[in-house]
Amino acid sequence: MGRPDSRSRHARFWETHKGAGGRTRPDDAIDNDTSLADFIAGWGGINDVEWVTVTYAVIGLTNFGERPGPSARLAEVLGPSVSEAEALAKQWSWPGTRVEDGLISVDAERAKSATRRHVQVGDRRFGVTGCAPDILQYAPLVRPSLHLEDTCAATGTPILIVFTPSRVERVDPSSTVLVMPHPRELVPAEADGAVEEVDANLCVQMPLFSSAAAAAGWLADHPGGRVFPIREAWDLSLFRDWRDRISALLNLDD
């Protein structure tokens, strides 16, 4: 007779829902060189930790703060009890999230970290923190579209990117890139604790740049890191598989 499973319900949830999120596929045209495939696989491991799903599930369920999301709905998505889901939301939701009276609300401007960029969703315009790669994780979850305004970390050039749930609509300048450090840099930062600490210690190191040339200094400071044009990054299996998995989990339609 086997030993009983002593893990929490949300730990068991994650073990059974990992799926293929973040995994590279050998026939992916854009991931077809070995070093890039290994790099993407390393980053895919970040999507395979539970708190990432918690963070973005809350964004999807609230449309990035447009409306409160019931704690019971988050529990339904993740699998644990309502009290466990609320505890996860308090620890791992986007900076500025609150859990009160059975509802989860997101106000990104309550975050402790300084605003790094601005987004517009419908008539709402607000400042956000977070890492540049985060943009490709939350943009597909927001309806009807997300406009993002930033400034190149090196040149000060204004950057505008427009997303719908299924595509990148506009990138100005078209040469804009996001940066991704080698996965080995992520492990110590991810262990820091709550999402506010991860945001403060890690995301400050991952801005947007107006071009690959503008990111040259960043690359020199982050050996093994890579830069990706926005449209190319959107098509990486890392983010494509993530979009498919989280949208299905939240039952989101385009």
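So for the sequence shown, the working numbering puts the first residue at 16; every next one is plus one. Where is the CB? At the ideal position from N, CA and C, for every residue including glycine. Keep in mind it's a predicted model, so treat the numbers as computed, not measured.
Residue i (DSSP reduced to helix, strand or coil)
{"i": "residue 96", "result": "coil"}
{"i": "residue 184", "result": "strand"}
{"i": "residue 239", "result": "coil"}
{"i": "residue 232", "result": "helix"}
{"i": "residue 85", "result": "strand"}
{"i": "residue 196", "result": "coil"}
{"i": "residue 39", "result": "The predicted model places residue 39 with a pLDDT of 33, which falls under 50 and marks its position as unreliable; any figure quoted below should be read in that light. Three-state DSSP puts residue 39 in coil, outside helix and strand."}
{"i": "residue 61", "result": "helix"}
{"i": "residue 206", "result": "Model confidence at residue 206 stands at a pLDDT of 49, short of 50, so the residue's coordinates are unreliable; what they give is reported in the following sentence. If DSSP states are grouped into helix, strand and coil, residue 206 belongs with coil."}
{"i": "residue 102", "result": "helix"}
Start-to-end residues for the beta strand (DSSP E) that takes in residue i
{"i": "residue 69", "result": "Per DSSP, residue 69 belongs to no beta strand (DSSP E); it is in the alpha helix (DSSP H), 65 to 77."}
{"i": "residue 135", "result": "132 to 136"}
For residue i, the first and last residue of its enclosing alpha helix (DSSP H)
{"i": "residue 265", "result": "252 to 265"}
{"i": "residue 219", "result": "Per DSSP, residue 219 belongs to no alpha helix (DSSP H) and is neither H nor E."}
CB-CB length for residue i against residue j, believed under 8 Å
{"i": "residue 126", "j": "residue 110", "result": "3 Å"}
{"i": "residue 120", "j": "residue 77", "result": "7 Å"}
{"i": "residue 245", "j": "residue 186", "result": "5 Å"}
{"i": "residue 104", "j": "residue 73", "result": "6 Å"}
{"i": "residue 164", "j": "residue 175", "result": "6 Å"}
{"i": "residue 69", "j": "residue 86", "result": "Residue 69 to residue 86, Cβ: 12 Å. No contact."}
{"i": "residue 188", "j": "residue 172", "result": "7 Å"}
{"i": "residue 84", "j": "residue 118", "result": "7 Å"}
Straight-line Cα distance separating residue j from residue i
{"i": "residue 53", "j": "residue 116", "result": "44 Å"}
{"i": "residue 232", "j": "residue 88", "result": "44 Å"}
{"i": "residue 57", "j": "residue 198", "result": "6 Å"}
{"i": "residue 225", "j": "residue 193", "result": "9 Å"}
{"i": "residue 102", "j": "residue 65", "result": "13 Å"}
{"i": "residue 123", "j": "residue 148", "result": "17 Å"}
{"i": "residue 267", "j": "residue 137", "result": "18 Å"}
{"i": "residue 143", "j": "residue 150", "result": "10 Å"}
{"i": "residue 92", "j": "residue 257", "result": "16 Å"}
{"i": "residue 152", "j": "residue 146", "result": "10 Å"}
{"i": "residue 108", "j": "residue 170", "result": "32 Å"}
{"i": "residue 179", "j": "residue 71", "result": "16 Å"}
{"i": "residue 61", "j": "residue 55", "result": "10 Å"}
{"i": "residue 82", "j": "residue 75", "result": "10 Å"}
{"i": "residue 162", "j": "residue 177", "result": "4 Å"}
{"i": "residue 130", "j": "residue 221", "result": "14 Å"}
{"i": "residue 47", "j": "residue 140", "result": "At residue 47, the pLDDT of 47 sits below 50, so the modelled position is not reliable and the matter cannot be decided from this model."}
{"i": "residue 247", "j": "residue 113", "result": "34 Å"}
{"i": "residue 135", "j": "residue 183", "result": "15 Å"}
{"i": "residue 51", "j": "residue 201", "result": "17 Å"}
{"i": "residue 132", "j": "residue 217", "result": "16 Å"}
{"i": "residue 265", "j": "residue 251", "result": "21 Å"}
{"i": "residue 94", "j": "residue 106", "result": "17 Å"}
{"i": "residue 59", "j": "residue 160", "result": "25 Å"}
{"i": "residue 238", "j": "residue 99", "result": "39 Å"}
Runs of alpha helix (DSSP H) wholly within the stretch 110 to 182 (minimum 4 residues, chain order): 150 to 153
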